[in-house]
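Only one structure is covered here, and it is reproduced in the block below.
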């Protein structure tokens, strides 16, 4: 675990240092802990650092979502494809594009979220909400996916 944290810190530092313009790690350290307002400091603080933090948070959220999905289904192989969630998201986006004429990225995201949520509820209902076993959930997800 300690090695993983060290590797994460190194990768985060590399993410901050490397971008459209490479910045030496000493300058990154200076921008983070001895901010002076120079151009490099501003780029690191206003562009590189928020991008890196957001990437770390998104990765953590995806990992947590996967762990929750595997724990709830008691299936170490559970993923959105097995449960039909990504198929529901795609179907909702395609339906929104063809019937409603949605053409913005934000619209795609919201319809994908709604479709994924609807299929998640449907799979849980088909799998027997009170007596849902991993096998029943996987079969319900496969049935919805097809």
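Numbering (our numbering), first residue to last: 882 to 1027.
In this text, a Cβ means the ideal position worked out from N, Cα and C, and glycines have one as well.
Bear in mind the structure is a predicted one, so any value in this text is a computation, not a measurement.
Residue i to residue j span [Cα, whole Å]
i	j	result
residue 942	residue 949	10 Å
residue 975	residue 988	11 Å
Cβ-heavy atom distance, residue i to the ligand ADP, below 7 Å
i	result
residue 889	The ligand ADP is not among the ligands present in this structure, which contains no ligands whatsoever.
Cβ-Cβ distance between residue i and residue j below 8 Å
i	j	result
residue 904	residue 894	no
residue 1002	residue 1022	no
residue 983	residue 992	yes
residue 929	residue 887	no
residue 956	residue 1019	yes
Own chain, CB closer than 6 Å to residue i, minus 5 neighbours either side, in chain order
i	result
residue 922	912, 916
residue 1017	1008, 1009
residue 980	none
residue 959	950, 951
Buried versus exposed, by CB contacts within 10 Å (16 or more), residue i
i	result
residue 977	buried
residue 990	exposed
residue 919	exposed
residue 1014	exposed
residue 964	buried
Expected contact under 8 Å - CB spacing of residue i and residue j to nearest Å
i	j	result
residue 966	residue 925	Rounded, the Cβ-Cβ distance is 38 Å, inconsistent with contact.
Beta-carbon contacts of residue i that lie in its chain and below 8 Å, excluding the five residues immediately before and after
i	result
residue 997	961, 966, 967, 969, 970, 973
residue 999	969, 973
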